[in-house]
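Novice: Quick one: the structure is below, questions incoming.
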Amino acid sequence: MGTPAIKVESLEKKFSILQKRPGFWAAVKSFFLPEYKYKTAVDDISFEVEKGDCVAFIGPNGAGKSTTIKIITGILHSTAGTVSILGLDPVNDRMQLAFKIGTVFGQKSQLWYHLPPLDTFAMLSHIYELKPAEFKARLDFLVKKFEIEHVLKTPVRKLSLGERMRCELVGSLLHRPQILFLDEPTIGLDVIAKQQMRDLLEYLNKQEGVTIFLTSHDVGDIERLARRTIIVNHGKIVFDDVTEKLKKAISASKVIDLVLEENTEKFYFFAGKILEKTSHSVKIQIDASASSTQQLLDYAFENFSVVDITIHDTPLEEIITKIYQGGL
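Take a look at the structure:
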């Protein structure tokens, strides 16, 4: 199997929070005899990511995912446990590791706001010690692939969000990182820009073999890119398996929308749960089995004039929400 791209064992992170009490003398006492409350942000997390994989690492706000990523990339120290990135310690070998990983954070830019992207790229080429010919060849390839030639000399502050995110990605790929850490890479993008970003990330993973570690609240990113999903909540891993199995894990139902000519007042199907009903439409949840679907359709066609039928699998977003709420 070789060395995994990411190996996390029994990771734990606790934060100390100074307790402040009201009143002058309480403040004086607190200065000399401070009292702390400890909060566990990451609680005994272990996982591995193989080279070339694409993994979604998700969870609700405050679940511990951002803290975990900061520890993995060497920004924070852990309280306990070990982390290995490409066989390196992210704290002790941080300088060496910086040449092997790339990061794109949707809400934190590495581009100089008042300068054109080309200036940032030139600066990054020196940081990553790229030879001029190597830098030019790599930049030319990425500029063409990511279609950013028309914005290279435009100040970053004048770029659209989609253009800026593509430039962010180019900046993170100049040194050919083996692992790409992405935090909300499509946040704020419109539908077309999201699709373009996902196409580019899929290319990097499949064609260049870049390992992708992704956090996102956009279910579309997870469904399109991640072959495996890790879900954390309250600092613990609550799900870790292939993304397709995420649906199958708790998705034992289908949702069927029916539009009828007649009034739905008399519509009643004992083997399903009516989620929504209007005068001429009904949304019903049934068991995912083919027999249940057939039973519902037989009932509808025998008793009503059916205008339209739509059958949905349970949305991935709904499934993830159930897991967050402890419904696995």
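My numbering puts the first residue of the sequence shown at 30, with every later residue one more than the last. Note that the Cβ used here is the ideal one computed from N, Cα and C, for glycine as well. Bear in mind that the values here come from a model prediction, so they are computed numbers and not experimental data.
#1: Determine, using beta-carbon pairs with one atom in the segment 198-218 and one in the segment 235-247, whether at least three such pairs fall under 8 Å.
#2: What residues in its chain sit with their C-beta under 7 Å from that of Phe298, if we drop five residues either side in the sequence?
#3: Taking only the alpha-carbon atoms, compute the straight-line gap between Leu229 and Phe175 and give it to the nearest angstrom.
#4: Measure the C-alpha to C-alpha separation of Tyr353 and Leu275 and round it to an integer number of angstroms.
#5: Would you kindly check if the distance between the Cβ of Leu115 and the Cβ of Gln125 is under 7 Å?
#6: Identify, in the order they occur along the chain, each residue of the same chain with its Cβ nearer than 7 Å to the Cβ of Pro184, setting aside the five sequence neighbours on each side.
#7: Please list the terminal residues of the continuous alpha helix (DSSP H) segment that includes Gly249.
#8: What are the boundary residues of the beta strand (DSSP E) that includes Arg257?
#9: With a threshold of 8 Å, are at least 3 pairs of Cβ atoms found where one atom belongs to the segment 102-112 and the other to the segment 146-155?
#10: Any idea what DSSP makes of Asp327, helix, strand or coil?
#11: Starting from Leu203, trace the beta strand (DSSP E) both ways and give me its first and last residue.
#12: DSSP puts Thr240 in a beta bridge; with which residues?
#13: Could you round the C-beta distance between Lys68 and Ile46 to whole angstroms and report it? I think they count as a contact, below 8 Å.
#14: Tell me which same chain residues have a C-beta within less than 6 Å of the C-beta of Leu233, skipping the five on either side of it?
#15: Gln314 bridges to which residues according to DSSP?
#16: How far does the alpha helix (DSSP H) with Ala92 in it extend, from its first residue to its last?
#17: Can you tell me which of Leu254, Lys302 and Asp316 puts its alpha carbon nearest to the alpha carbon of Ser282?
#18: I need the straight-line Cα distance from Thr96 to Ala85, nearest angstrom please.
#19: Count the other CB atoms, across all protein chains shown, that sit within 10 Å of the CB of Phe333; report buried if there are 16 or more and exposed otherwise.
#20: Alpha helix (DSSP H) containing Val120: first to last residue?
#21: Using a threshold of 7 Å, state whether the C-beta atoms of Leu40 and Ile74 are closer than that.
#22: Which one of Ile156, Asp337 and Glu192 has the shortest CA to CA distance from Glu178?
#23: Mapping the DSSP letters down to three states, classify Glu231 as helix, strand or coil.
#24: Using DSSP's beta-bridge definition, name the partner residues of Ile130.
#25: Mind checking which residues open and close the alpha helix (DSSP H) that includes Leu153?
Specialist: Taking the definition as stated:
#1: yes
#2: Ile313, Leu325 and Tyr328
#3: 7 Å
#4: 13 Å
#5: no
#6: His143, Leu144 and Pro145
#7: Val248 to Leu254
#8: Arg257 to Asn262
#9: no
#10: helix
#11: Run containing Leu203: none; DSSP gives neither H nor E here.
#12: Ile208
#13: 6 Å
#14: Val239
#15: Val284 and Lys302
#16: It is not in any alpha helix (DSSP H) - Ala92 carries neither H nor E in the DSSP assignment.
#17: Asp316
#18: 15 Å
#19: buried
#20: That residue, Val120, is in no alpha helix (DSSP H); it is neither H nor E in DSSP.
#21: yes
#22: Glu192
#23: helix
#24: Ile208
#25: Pro146 to Ile156
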